[in-house]
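One structure is given below, encoded as structure tokens.
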Amino acid sequence: MAEAVVAAARCFYRRVHLVRRTRLSWEVPRANLSGQKQAPAGQGRGGSEVVKKLKLFRRTFAFSALSCLGYEAYILISKSSVVHADAKVDEVLDQADYFYESGETEKLFQLLEQHKNSENAEVLWRLARASRDLAQLSHTPMERKKQLTYEALDYAEKALKKDPSCFSVHKWYAICLSDVGEYEGIRKKIANAFVIKDHFQKAIELNPKDATSLHLMGIWCYTFSEMPWYQSKIAAVLFSTPPSSSFQEALRYFQKAEDVEPNFYSKNLLFLGKTYLKLNNRKMALLWLTKAKDRVPHTEEDKQVQREVLELLNSL
430 MAEAVVAAAR CFYRRVHLVR RTRLSWEVPR ANLSGQKQAP AGQGRGGSEV VKKLKLFRRT
490 FAFSALSCLG YEAYILISKS SVVHADAKVD EVLDQADYFY ESGETEKLFQ LLEQHKNSEN
550 AEVLWRLARA SRDLAQLSHT PMERKKQLTY EALDYAEKAL KKDPSCFSVH KWYAICLSDV
610 GEYEGIRKKI ANAFVIKDHF QKAIELNPKD ATSLHLMGIW CYTFSEMPWY QSKIAAVLFS
670 TPPSSSFQEA LRYFQKAEDV EPNFYSKNLL FLGKTYLKLN NRKMALLWLT KAKDRVPHTE
730 EDKQVQREVL ELLNSL
């Protein structure tokens, strides 16, 4: 920034110096090579007009030179502010990603909540995720869980408006929309089913190598493969063609997720085991459930998965 201001100052000096030289060349009378007496300034045909134009030129040129510093400094400062703002956002995102990878859910939320009025989609979808994750913690009070769930959807909606080309925005919008369905009843949840599916598919289209999006699409398929009869009746009322899927389709998405990033998520291992059980393949179910059991838990969700895995293994 200091170098930029110095450069602008040098530009100003050069312009002012040029003005001074220009003024001298106009004001010093030319040598009288003809030996004739020169008319006093302002006399003779058009003399007054010439003087006025010269004065106007000097004022205009001097103003232009002075404006140079103001304008160029403004441009440089504006660019510097943008760069500084971008650097600050990058710093926040780096810190947020560190907290997320470390499982520091509450610290992550506290960090990002300070930027809840941000216009940056990368900040907003991370805040949606942090709000949702905080709501999922077992010690979070019920009323607070509900509040955080709706706030998460609000942040995700804002992120979607800011950048619909970001796969993470679509993914977390779909997740948050699904979560809200838990508070709005089965009709609302089923009504949102197609919207949720569309956003998971959009996330996969934008980034086919995102294992989480593939896993979530698998969850969607699994859920609508075992939909209870009463939910099926509600879906039939709401849609001429209600949402449906199969365990085979769910398995394909879970397997794709594992192929993209092996052992990335304890819940994907769990659902591979559960899906094979639904398909009556006990051998493969045991394989994936054992992998889920042996995976070292890092989060509260991992611990919940392990408890479910042990229950399933004990029942086999």
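Residue 500 in our numbering sits at position 71 of the sequence shown, and the numbers go up by one each step.
Virtual Cβ for every residue (Gly too), placed ideally from N, Cα, C.
Where does Asn-697 land, buried or exposed, given buried means 16+ other C-beta within 10 angstroms?
-> buried
Cα separation between Ile-615 and Lys-517?
-> 42 Å
From the DSSP output, in three-state form, read off Asn-636 for me.
-> coil
Just the C-alpha distance for Leu-748 and Asn-710, rounded to the nearest angstrom, thanks.
-> Outside the displayed range of the chain (430 to 745) lies residue 748, so it cannot be described from this structure.
DSSP state of Asp-723, grouped into three classes?
-> helix
Whole-Å CB distance - Ser-597 paired with Leu-577, under 8 Å assumed | Ser-597 to Leu-577, Cβ: 19 Å. No contact.
Give me the Cβ distance between Gly-654 and Ser-674, rounded to the nearest whole Å; I'm assuming they're in contact under 8 Å.
-> For the record, residue 654 in the displayed sequence is Ser; it is not Gly. Their Cβ separation, rounded to whole angstroms, is 5 Å, which keeps Ser-654 and Ser-674 in contact under 8 Å.
Where does Thr-641 fall in DSSP's three states?
-> helix
Secondary structure at Gly-532, three-state DSSP: helix, strand or coil?
-> coil
Cα-Cα separation, Ala-665 to Thr-652 = 16 Å
Cα-Cα separation, Asp-592 to Tyr-602 = 12 Å
Could you tell me which uninterrupted beta strand (DSSP E) segments, each at least 3 residues in length, are contained entirely in the stretch 538 to 575, listed from first to last along the chain?
-> none
Leu-741: first and last residue of the uninterrupted alpha helix (DSSP H) it sits in | 729 to 744
Between the C-alpha atoms of Ala-622 and Asp-519, what's the straight-line distance to the nearest angstrom?
-> 34 Å
Given that a residue counts as buried once 16 or more other Cβ atoms are within 10 Å of its Cβ, and exposed if not, what is Lys-527?
-> One detail in the question is off: residue 527 reads as Tyr in this sequence, not Lys. The residue in question, Tyr-527, is exposed, as its Cβ has fewer than 16 Cβ neighbours within 10 Å.
Mapping DSSP to helix, strand and coil, what is Thr-670?
-> coil
For Tyr-694, which of helix, strand or coil comes out of DSSP?
-> coil
Short Cβ contact (9 Å threshold) for Ile-604 with Pro-672 | no
Val-457, DSSP secondary structure in three states | Because Val-457 sits at a pLDDT of 32, beneath the cut-off of 50, its placement in the model cannot be relied upon, and the point is left open.
Could you please give the first and the last residue of the uninterrupted alpha helix (DSSP H) stretch that includes Ser-607?
-> 596 to 620
Cβ shell of Pro-469 (< 6 Å), same chain only, five flanking positions each side left out | Model confidence at Pro-469 stands at a pLDDT of 40, short of 50, so the residue's coordinates are unreliable; what they give is reported in the following sentence. Within the same chain, Pro-469 has no close Cβ partners at all.
With DSSP collapsed to three states, give me the class of Glu-655.
-> coil
Cβ-based neighbour list, Tyr-584, same chain, cut-off 6 Å, excluding 5 preceding and 5 following | Leu-553, Leu-556 and Ala-557
Just how far apart, CA to CA, sit His-544 and Val-521?
-> 9 Å
In three-state terms, what does DSSP make of Ala-436?
-> Reliability of the predicted coordinates at Ala-436 is poor, the pLDDT of 45 falling under 50, and the value obtained from them is presented with this limitation in mind. Ala-436: helix per DSSP, three-state reduction.
Between the CA atoms of Lys-536 and Thr-489 - distance to the nearest angstrom | The predicted position of Thr-489 is uncertain, since its pLDDT is 46 and thus under 50; a value taken from the coordinates is nonetheless stated next. The straight-line gap from Cα to Cα measures roughly 58 Å.
Could you check if Glu-613 is buried or exposed, using at least 16 other CB atoms within 10 Å of its CB as the buried criterion?
-> exposed
If you draw a straight line from the C-alpha of Asp-627 to the C-alpha of Val-738, how long is it?
-> 30 Å
Out of curiosity, what's the CA-to-CA distance linking Thr-704 and Pro-570?
-> 33 Å
CB contact flag (Ala-686, Ala-714, <9 Å) | no
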